[in-house]
Ligand code: SF4
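In structure tokens form, the structure reads like this:
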């Protein structure tokens, strides 16, 4: 017998009480919504230690990113798909034409998403992704952080030290 | 006898209570919080009672995406599969992120015996590794270590300034030191917070970015997790990701929630799925809800005993309420001493995001081990109480009234407890039956 067969045999022999899959539709329907999701999203990004602002009319992304981080030596700018109001997450798919490590290795990371692509909470976020497999995906909220030394919050543990979000109309 | 460092005990108690307080504030801001806990519990009960189907589905999807799935029935197979993958790929330097499973299975010492440099990259885990000890908390592994100790350690290991114990300075020193290791590692490994059956993806939730660095550079990526990490679909991730970080550290979400399925261009992705006693927990009528556990650490932060005695006071490698029960399941005789580290206040049960019935399990396990444990654990009076559950109820009622009185007088130990407020309305038995 292979190890897999032995595990499955043990699982069947366990004869657990069978529980049905819960229906989440009521929970999702009644979940927390915001009057102004965009404003809530901006609050949440700031709460996670990030910077955020709307692109002004006529302004281009690189100069807006530069304005967010005037002292940065180098800024990595990547497109995201959407933001989550409840926690300031930005969803990024497998990056195109660049390695995954670009999301983590640069000191300053700027994520660009459409200003109207803000979902209220994580239920909506995963509904938006659906159940179709993707190669890779990541939610990022703010800069890398740790509190492993005496619970003192420090930004820039291993990933980006600074994260900005630019919202494009 | 070692002397108790009371200042450190107080510090740990207060710090963990602050984390618990942050959790409370975030939980209260979500009106559907209790419905979320209920959904998480029911999703886990569903998954764990349908493991064969869901594991098959996961394997098929993960394989279709290009990952290679391995199965390990016990700790030895887990170590050998990973050791074999690393030696087979000529790996000399191996970076890993935090995984309680690797502690459970003794991975790092095994790899070191094979001549592989195995580096913990989570800051807390790295501190612990360099100190040559083990984690004292499952989410905050170095919570018992003071900044001055880290300063002295890093001075020796990384050449930081003597006497500098500033957390920002020390964290950034570790960042530079580990950056070099990430760039030169031959393989990287993570555990998993969730494994999604509908998509075959492995979900890893972290704050530091060490897991992401470690899986984005080397040509070989490994993810290893227990069979209980299976969740049915992405829809269920909506529930779990809303609960996990809020309960664990009092953050709305972890910085990174990464969903891995296909290997990176030009690299390999191996997944190791482990039983190591979990099927035995599933078969146990009193303890099977332990498989609901998300390993959030919340029950440690809220436990009035854990907060003061700390992780090293327990003999099982996972401490706190969940560790007491996991230890009993791993080896009841060897780890039953931990059952005494509980006041049955049930604060853990009422906080647990996946509704593990932690206090009930401890209560029942005490009944079973009563005969043999009586001498070792309990004073004569306590033994009498344990032998007659109704006496326990009475004792608890009296005890809770006492706690309330202590609390009213501003006595410290009473301050941190959740139960007295509830106890004013419900007896322990009622509380238990209502669950
Ligand atoms: S038992 Fe519950 S509270 Fe404790 S670590 Fe597991 S999920 Fe968290």
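Protein chains in written order, with the numbering used here: chain A, 297 to 465; chain B, 297 to 731.
Note that CB positions come from ideal geometry on N, CA and C, so glycine has one too.
It should be emphasised that the depicted structure is a prediction, and the values quoted were computed from it without experimental measurement.
Interface flag, residue i vs chain A, CB-CB below 9 Å
i                      : result
residue 627 of chain B : no
residue 706 of chain B : Unreliable placement is indicated for residue 706 of chain B, whose pLDDT of 38 sits below 50; no coordinate value is reported for it.
residue 535 of chain B : yes
residue 547 of chain B : yes
residue 443 of chain B : yes
residue 315 of chain B : yes
residue 503 of chain B : yes
residue 373 of chain B : yes
residue 656 of chain B : no
residue 280 of chain B : Past the edges of chain B, shown from 297 to 731, lies residue 280 of chain B, and the structure says nothing about it.
residue 508 of chain B : yes
Residue i: CB within 8 Å of a non-hydrogen atom of ligand 1
i                      : result
residue 437 of chain B : no
residue 588 of chain B : yes
residue 492 of chain B : no
residue 434 of chain B : yes
residue 596 of chain B : yes
residue 649 of chain B : yes
residue 591 of chain B : yes
residue 654 of chain B : yes
residue 617 of chain B : yes
residue 665 of chain B : no
Contact with chain B by residue i, beta-carbon distance below 9 Å
i                      : result
residue 338 of chain A : no
residue 355 of chain A : no
residue 463 of chain A : no
residue 399 of chain A : yes
residue 334 of chain A : no
residue 365 of chain A : no
residue 324 of chain A : yes
residue 330 of chain A : no
residue 466 of chain A : Nothing can be reported for residue 466 of chain A: it is not among the residues displayed for chain A, which extend from 297 to 465.
residue 435 of chain A : yes
residue 311 of chain A : yes
residue 343 of chain A : yes
residue 299 of chain A : yes
residue 377 of chain A : no
residue 360 of chain A : no
Cα-Cα separation, residue i to residue j
i                      : j                      : result
residue 488 of chain B : residue 497 of chain B : 10 Å
residue 461 of chain A : residue 377 of chain B : 42 Å
residue 463 of chain A : residue 551 of chain B : 19 Å
residue 653 of chain B : residue 620 of chain B : 12 Å
residue 474 of chain B : residue 442 of chain B : 21 Å
residue 710 of chain B : residue 491 of chain B : With a pLDDT of only 35 at residue 710 of chain B, under the threshold of 50, the placement of this residue in the model should not be trusted, and no figure is reported.
residue 406 of chain A : residue 634 of chain B : 48 Å
residue 469 of chain B : residue 443 of chain A : 15 Å
residue 455 of chain A : residue 441 of chain A : 8 Å
residue 684 of chain B : residue 618 of chain B : Bear in mind that a pLDDT of 45 at residue 684 of chain B, under 50, signals an unreliable position, so the model cannot answer this.
residue 325 of chain B : residue 330 of chain A : 12 Å
residue 364 of chain A : residue 547 of chain B : 24 Å
residue 439 of chain B : residue 558 of chain B : 35 Å
residue 452 of chain A : residue 642 of chain B : 37 Å
residue 386 of chain B : residue 366 of chain B : 19 Å
residue 374 of chain A : residue 389 of chain A : 10 Å
residue 433 of chain A : residue 554 of chain B : 6 Å
residue 381 of chain B : residue 598 of chain B : 40 Å
residue 461 of chain B : residue 444 of chain B : 5 Å
residue 400 of chain B : residue 613 of chain B : 7 Å
residue 631 of chain B : residue 429 of chain A : 42 Å
residue 639 of chain B : residue 655 of chain B : 9 Å
residue 459 of chain B : residue 435 of chain B : 28 Å
Residue-level contact to chain C via CB, residue i, 9 Å cutoff
i                      : result
residue 359 of chain B : The chain labelled as chain C is not found among the protein chains of the depicted structure, namely A and B.
For this session: Assess, as a yes-or-no matter, whether the region 332 to 341 of chain A is touched by the region 379 to 395 of chain A under the definition of 3 or more beta carbon pairs within less than 8 Å.
Result: With a cut-off of 8 Å on Cβ pairs, the region 379 to 395 of chain A is in contact with the region 332 to 341 of chain A, counting three or more such pairs.
Problem set entry | Within 7 Å of chain A by C-beta, residues of the region 563 to 589 of chain B in sequence order | If the cut-off is 7 Å between Cβ atoms, the region 563 to 589 of chain B has 571, 575, 578, 579, 584 near chain A.
For this session: Decide yes or no for the touch test of the region 430 to 445 of chain B against the region 412 to 420 of chain A: beta carbon pairs closer than 8 Å, at least 3 of them.
Result: Between the region 430 to 445 of chain B and the region 412 to 420 of chain A there are fewer than three C-beta pairs closer than 8 Å, too few to call the two in contact.
Problem set entry | Three-pair Cβ contact test at 8 Å for the region 499 to 518 of chain B versus the region 307 to 325 of chain B | The region 499 to 518 of chain B vs the region 307 to 325 of chain B: no contact.
For this session: Evaluate contact between the region 507 to 527 of chain B and the region 566 to 579 of chain B, counting only Cβ atoms and requiring at least three cross-stretch pairs below 8 Å.
Result: When Cβ pairs closer than 8 Å are counted between the two stretches, the region 507 to 527 of chain B is seen to touch the region 566 to 579 of chain B, the count reaching three or more.
Problem set entry | Within 9 Å of chain B by C-beta, residues of the region 404 to 423 of chain A in sequence order | Residues 417, 418, 419, 420, 421, 422, 423.
Exercise. Touch check for the region 327 to 344 of chain B and the region 315 to 322 of chain A: three-plus C-beta pairs under 8 Å?
Worked result: These segments touch.
Exercise. Does the pairing of the region 313 to 323 of chain B with the region 508 to 516 of chain B give three or more beta-carbon distances under 8 Å?
Worked result: In short, these stretches do not touch, since the Cβ pair count stays below three.
Exercise. Between the region 443 to 461 of chain A and chain B, which residues of the former have CB atoms less than 9 Å from a CB of the latter, in chain order?
Worked result: Residues passing the 9 Å Cβ filter: 443, 444, 445, 446, 447, 448, 449, 450, 451, 452, 453, 454, 455, 456, 457, 459.
Exercise. Would you say the region 372 to 392 of chain B touches the region 403 to 418 of chain B, given that touching needs at least three Cβ pairs under 8 Å?
Worked result: With a cut-off of 8 Å, the region 403 to 418 of chain B and the region 372 to 392 of chain B count as touching, because enough Cβ pairs lie within range.
Problem set entry | Short-range partners of chain A found in the region 414 to 438 of chain B, where Cβ spacing is below 9 Å | Sequence-ordered contacts of the region 414 to 438 of chain B with chain A read 417, 418, 419, 420, 421, 422, 423, 436, 437, 438 [C-beta pairs closer than 9 Å].
Problem set entry | Proximal residues, the region 449 to 478 of chain B versus chain A, C-beta separation under 7 Å | Of all residues in the region 449 to 478 of chain B, 463, 464, 466, 467, 468, 471, 474 have a Cβ within less than 7 Å of some Cβ in chain A.
Exercise. Looking at chain A, which residues of the region 338 to 355 of chain B have a Cβ within less than 8 Å of any of its Cβ atoms?
Worked result: Within the region 338 to 355 of chain B, the residues whose Cβ lies closer than 8 Å to any Cβ of chain A are, in chain order, 338, 339, 341, 342, 344, 345, 346, 347, 348, 351.
Problem set entry | Contact residues within the region 513 to 545 of chain B, judged by C-beta distance below 8 Å to chain A | Near chain A, meaning a CB-to-CB distance below 8 Å, the residues of the region 513 to 545 of chain B are 513, 523, 528, 529, 530, 531, 532, 533, 534, 535, 537, 538, 545.
Exercise. Three or more C-beta pairs closer than 8 Å, one from the region 352 to 368 of chain B and one from the region 450 to 461 of chain B: is that the case here?
Worked result: No, the region 352 to 368 of chain B does not touch the region 450 to 461 of chain B.
Exercise. For the 8 Å Cβ check, are there 3 or more pairs between the region 644 to 662 of chain B and the region 580 to 587 of chain B?
Worked result: Because the criterion of three Cβ pairs below 8 Å is met, the region 644 to 662 of chain B and the region 580 to 587 of chain B touch.
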